[in-house]
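Listed in order, the protein sequences are those of chains P and D. Residues 1 to 148 in the working numbering are what the first sequence lists, from first letter to last. Residues 149 to 296 in the working numbering are what the second sequence lists, from first letter to last.
Number of protein chains: 2
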Amino acid sequence: MRRTRFDDWPCPIARTADLVGDWWTPLVMREAFYGCRRFDEFQAALEAPRAVLAARLKRLVEEGMLERHRYLDRPPRYEYQLTAKGNDFWIVLAAMWRFGSDHLWEDGEEVPVVLRDCETGAVVTPAVVDEHTGEVVDGRRVRMSLRD
Amino acid sequence: MRRTRFDDWPCPIARTADLVGDWWTPLVMREAFYGCRRFDEFQAALEAPRAVLAARLKRLVEEGMLERHRYLDRPPRYEYQLTAKGNDFWIVLAAMWRFGSDHLWEDGEEVPVVLRDCETGAVVTPAVVDEHTGEVVDGRRVRMSLRD
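Spelled out as structure tokens, the structure:
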């Protein structure tokens, strides 16, 4: 049975869910941010079944999140690089990082990992704010509305 | 075939992907933020197959994102309310909103919806910053590292 598609719904959350709504896709993007370029690097990092990984990479290339470049002619070999659109997907991974860090470890168990700035080594703690005011956004205080 | 589980991986992104990594779950949470409480309200808003919706609500209750309250005894009827943990999931939806708004409409096509503050009516534009510095986080400038 074909799944319901959300990629033409008039809601940005729905369209993004359609793009990343499976368990592997955000992790493939995570590895792209951590420096994976070649199929075997993604495969070694994620231990994903090869067919699953190939399908996810193909979709991400089709969606313009990754670009495929040939780095060897004989035999032909490709690597995957983040596009500008792919780079902007970081915002979603950063939010997942924060939520997971805050809520998906047992009480009293310390999250073993942190994000650090590559240059300064400072710990980075993602938060979602309103770009206009810098204030933290409370989901109970906003509503979706038609653009004027 | 059972899918690979990520809920015990040592990465907050992986654990969150395990929780929300299907197309319906973020949308069910979206509707909870928009005020849906009862099964039929979720169903009417999403037009999700009833069995799919029931399974997603059950998982979200098990995970502590929603709480089920009985609001009618005969016949027994329940409603679903966001928990504190569920409220914190807003950060992920807000990031999806921003990415989708920026990238998932055709060039020249205007996104028909915006987020507004319920009280002031001001447009809210989610951005991810570092909580310590208030600076926008660039995914290429951070790395995952073990906590000291």
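All C-beta atoms, glycine included, are put in the ideal place defined by N, C-alpha and C. Remember, it's a predicted structure, so these values are computed and weren't measured experimentally.
Between the alpha carbons of R295(D) and E109(P) lies a gap of roughly 13 angstroms. Chain P has a Cβ within less than 9 angstroms of the Cβ of C266(D).
In the three-state DSSP reduction, V114(P) falls in the strand class (E or B).
Sequence-distant Cβ neighbours of V61(P) in its own chain, meaning closer than 8 angstroms and more than five residues away, are E67, R68 and Y80. Taking the beta carbon of V61(P) as reference, no residue of chain D falls within 7 angstroms; the closest one sits roughly 15 angstroms away. Here M65(P) carries a coil assignment [DSSP, helix/strand/coil].
In this structure, DSSP gives L104(P) a state outside helix and strand, which the three-state scheme calls coil. Close to chain P, meaning a Cβ-Cβ distance shorter than 7 angstroms, is no residue of the segment 213-227 of chain D at all.
DSSP places P26(P) within a helical segment (H, G or I) once states are collapsed to three. In the three-state reduction of the DSSP assignment, P126(P) falls in the strand class, which pools E and B. W171(D) is not a Cβ neighbour of A48(P), given a cutoff of 9 angstroms. E267(D) is classed as exposed because its beta carbon has fewer than 16 other beta carbons within 10 Å across all chains shown. The way I'd put it, the segment 242-259 of chain D does touch the segment 90-102 of chain P; three or more beta-carbon pairs between them come closer than 8 angstroms.
The straight-line gap separating the alpha-carbon atoms of N87(P) and P223(D) is approximately 51 angstroms. It is roughly 11 angstroms from the alpha-carbon of D278(D) to the alpha-carbon of V290(D). When beta bridges are read from the DSSP output, R143(P) appears opposite R264(D). Assignment of V136(P) by DSSP, reduced to helix, strand and coil, places it in the strand class. Chain-ordered listing is empty here: chain P has no CB closer than 7 angstroms to the CB of A193(D), the nearest sitting near 11 angstroms. For the C-beta of D278(D), the chain P residues within less than 8 angstroms are, from N- to C-terminus, V124, T125, P126 and A127. Residue pairing by DSSP places E227(D) opposite R186(D) and H217(D) in a beta bridge.
Here the alpha carbons of E179(D) and A199(D) stand approximately 17 angstroms from one another. Taking C-beta separations shorter than 6 angstroms and ignoring five residues to either side along the sequence, the partners of R56(P) in its chain run W24, T25 and V28, following chain order.
For C11(P), the chain D residues whose C-beta falls within less than 7 angstroms of its own C-beta are V261, listed in chain order.
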